[in-house]
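Student:
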Amino acid sequence: MNTLPMNSSKSDIGLIGLAVMGQNLALNIADHGFPISVYNRTYSKTEGFLKENTHLGEKLKGFGEVEDFISSLEKPRKIILMVQAGTATDLVIESILPFLDQGDVLIDGGNAKWTDTIDREKRLKDKNLHFVGSGVSGGEEGARYGPSLMPGCSEEAWGEIKDIWTSIS
Numbered sequence: 044m045n046t047l048p049m050n051s052s053k054s055d056i057g058l059i060g061l062a063v064m065g066q067n068l069a070l071n072i073a074d075h076g077f078p079i080s081v082y083n084r085t086y087s088k089t090e091g092f093l094k095e096n097t098h099l100g101e102k103l104k105g106f107g108e109v110e111d112f113i114s115s116l117e118k119p120r121k122i123i124l125m126v127q128a129g130t131a132t133d134l135v136i137e138s139i140l141p142f143l144d145q146g147d148v149l150i151d152g153g154n155a156k157w158t159d160t161i162d163r164e165k166r167l168k169d170k171n172l173h174f175v176g177s178g179v180s181g182g183e184e185g186a187r188y189g190p191s192l193m194p195g196c197s198e199e200a201w202g203e204i205k206d207i208w209t210s211i212s
């Protein structure tokens, strides 16, 4: 379910979790010229966000199904998780794993406990996926106009996200 007209172009990055921080980070990314796909478990949230931001056109695409969301992304896929730290993050990761391919990059933008980040990185590395723990500091305004981003990841993962991360911060 997608409320915007689809074309064959893929998004550079995706974001899951459209609370205020997720919305503002998605807008920041789109404003810097990177097409972004968004998904929220409650589709009405995605739909409302798209309706409020029609001026972004094809730079902002929303989806109601996880598989469609992931299929909309350029490979290797880069997916930002802006969901509640802890169990919610793990549940989202588990729900998208069946749709991911070797080399894809998951970026946790939440306030995860450092030991959870280490565990997730190890677990996903065993599946040939990259995990980036990246704090997003600066609150709502920072996410929208220039957050302080603190990524911890492999050089390969950094190479995949560097252009976007340096542009939006």
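Just so we're aligned: the sequence shown equals residues 44 to 212 in the numbering used here.
Even for Gly, the Cβ is constructed at its ideal location relative to N, Cα and C.
#1: Short of 6 Å in beta carbon distance, which residues of its chain neighbour residue 45, apart from the five on each side in sequence? Order them along the chain.
#2: Starting from residue 94, trace the alpha helix (DSSP H) in both directions and tell me its first and last residue.
#3: Assuming residue 125 contacts residue 153 under a Cβ cut-off of 8 Å, what Cβ separation, rounded to an integer in Å, is found between them?
#4: Please determine, among 109, 74 and 77, the residue with the shortest C-alpha to C-alpha distance to residue 59.
#5: Could you round the C-beta distance between residue 82 and residue 112 to whole angstroms and report it? I think they count as a contact, below 8 Å.
#6: Apart from the five residues just before and just after residue 189, which ones in its own chain have a Cβ nearer than 8 Å to its Cβ?
#7: Among the candidates 186, 77, 196 and 202, whose CA atom is the shortest distance from the CA of residue 161?
#8: Does DSSP put residue 49 in a helix, a strand or coil?
#9: When you compare only the Cα positions, how much space is there between residue 55 and residue 201?
#10: Quick one: what's got a C-beta closer than 7 Å to residue 157's C-beta in the same chain, skipping five residues either side?
#11: Provide the residue span of the alpha helix (DSSP H) that contains residue 65, from first to last.
#12: Less than 9 Å separating the beta-carbons of residue 62 and residue 99?
#13: So residue 116 and residue 57 are supposed to be a Cβ contact under 8 Å. How far apart are they, rounded?
#14: What is the rounded straight-line gap between the Cα of residue 123 and the Cα of residue 103?
Tutor: Per the coordinate set shown:
#1: Confidence at residue 45 is low in this model, with a pLDDT of 44, below 50, so its placement is unreliable and the value that follows should be read with caution. Hits under 6 Å: 106.
#2: 86-95 is the extent of the alpha helix (DSSP H) around residue 94.
#3: Contact annotation, residue 125 with residue 153: C-beta distance approximately 7 Å; criterion of less than 8 Å satisfied.
#4: Answer by Cα proximity: 109.
#5: In this structure residue 82 is in contact with residue 112, their Cβ atoms being roughly 4 Å apart against a cut-off of 8 Å.
#6: Short of 8 Å from the beta carbon of residue 189, and not among the five residues preceding or following it, lie these beta carbons of its own chain, in chain order: 71, 181, 211 and 212.
#7: When only C-alpha atoms are compared, the closest one is 196.
#8: For residue 49, the predicted structure reports a pLDDT of 49, less than 50, and the residue's modelled location is therefore unreliable. The matter cannot be settled from this model.
#9: Between the alpha carbons of residue 55 and residue 201 lies a distance of about 15 Å.
#10: So the list is empty, once near-sequence residues are dropped.
#11: It spans 63-74 - the alpha helix (DSSP H) in which residue 65 sits, taken as one unbroken run.
#12: No, they are not a contact pair.
#13: Confirmed, about 5 Å.
#14: Between the alpha carbons of residue 123 and residue 103 lies a distance of about 14 Å.
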